[in-house]
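In this note's numbering, the protein residues as written are 10 to 356. Backbone N, C-alpha and C define an ideal beta-carbon position, used for all residues, glycine too. To start, the structure under review is shown below, and the notes come after it.
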Ligand code: FA5
């Protein structure tokens, strides 16, 4: 009686194991058949009442059934694990033969791009490109440019003073002094005009707003030769602007005071952000100060070791950062050094 009950239980359990479609369904079969309160345990408990001979036979059959069912359960469990693994492999498939995405190409900062364009333009016209230190002597930044210690023009440029009469240069004009000393005598003696530009970073203790930074870029230009006139100066400045804007831009020339030029001018450009009516960049005036300039003051030539009776020159100090703003219609100077990649990736 117990024998046939065991046989049909075993057959039935085998069929259910084979039919289980999920690990949960399989576990339910295991608990029902092999669990502590399961069907086999119940048969095992009923064996107590059997005579010893029969007990032995049933005990053996019970063990065999248990072993077979455990093996069947394990095999089915393994098949679930294999299926899960292969599903995972399908889901996480990766083609290791695909080419790598590569490094995203960077680009030059718009200031660098325009600086390089101007360097190319001026070297094509025979100019030297000079560099000067950002930490400059008080003498080169002011005195040699005809701005002695007690001169009110020092107040025009709010200066970061360092120790021992050094300053963070407030403009690129000290490179005029360095350029004259380094190149002037040799070139001029051989009848070659001194033509130079000096792009670079300058510093002022400024209140920062849409058109003013404490750290910005200028490009100094200078020519010294015999018979240099304002017409030469205007030629170079017009060539510069046409080269950068690739079209005629509206400019105005008005008197400007700088102790190192005489006469001095301010060349303003009509604001290309608003087109004239006024905006925060042009301080509602419609014009942007871009290119102060003038004929080199004789005192500066003298301090540069050149004879003002023989030589004359012009100089200009382009606001390079503002030029970049005008070319790309950048409406706030702070974007340029803000380091925001969303801004920089546009160039
Ligand atoms: C000068 O710095 C003179 N050295 C220029 C010069 C050179 C005159 C040679 C004559 C002969 P100024 O302080 O105006 O001048 O500055 C020159 C240009 O720099 C300005 O026209 C403007 O375009 C730019 N600039 C001045 N201050 C700032 C600032 N805080 N932020 C951005 N650009 C500025």
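The DSSP-derived three-state label of residue 332 is helix.
DSSP, reduced to helix, strand and coil, places residue 36 within a helical segment of the structure shown. Per the Cβ contact rule, the stretch 258-274 is in contact with the stretch 294-306 (3 or more Cβ pairs under 8 Å).
The Cβ neighbour count for residue 355, taken over all protein chains shown within 10 Å, is under 16; the residue is labelled exposed. At a cut-off of 7 Å, the beta-carbon of residue 157 does not count as near ligand 1: no heavy atom of the ligand is closer than that. Counting every other CB atom within 10 Å of its CB across the protein chains shown gives residue 66 a total below 16, marking it as exposed.
As summarised for the stretch 170-236, the continuous beta strand (DSSP E) elements at least 3 residues long and confined to that stretch are 175-177, 203-212, 224-234, given in chain order.
Closest option to residue 277, judged by alpha-carbon separation, among 316, 305, 335: 335.
Nearest in C-alpha terms to residue 173, of all of 148, 190, 128, is 148.
Taking 8 Å as the cut-off, the beta carbon of residue 342 is found no closer than this to the beta carbon of residue 215. The three-state secondary structure of residue 167, taken from DSSP, is coil. Relative to the Cα of residue 39, the nearest Cα in the group 50, 20, 82, 52 belongs to 82.
Pairing residue 197 with residue 320 gives a Cβ-Cβ distance under 8 Å.
At least one heavy atom of ligand 1 lies closer than 7 Å to the C-beta of residue 165. Residue side-chain check: residue 213 places its Cβ nearer than 7 Å to a non-hydrogen atom of ligand 1. With at least 16 other beta carbons inside 10 angstroms of its own, residue 305 counts as buried.
Per DSSP, the unbroken alpha helix (DSSP H) holding residue 244 starts and ends at 239-254. For residue 142, no beta strand (DSSP E) segment is defined, and its DSSP state is neither H nor E. Not a single heavy atom of ligand 1 lies less than 7 Å from the C-beta of residue 151.
Taking 8 Å as the cut-off, the beta carbon of residue 188 is found closer than this to the beta carbon of residue 205. By the Cβ neighbour-count rule, residue 313 is buried, with 16 or more other Cβ atoms within 10 Å of its own.
Relative to residue 49, the option among 209, 21, 179 whose CA is nearest is 21.
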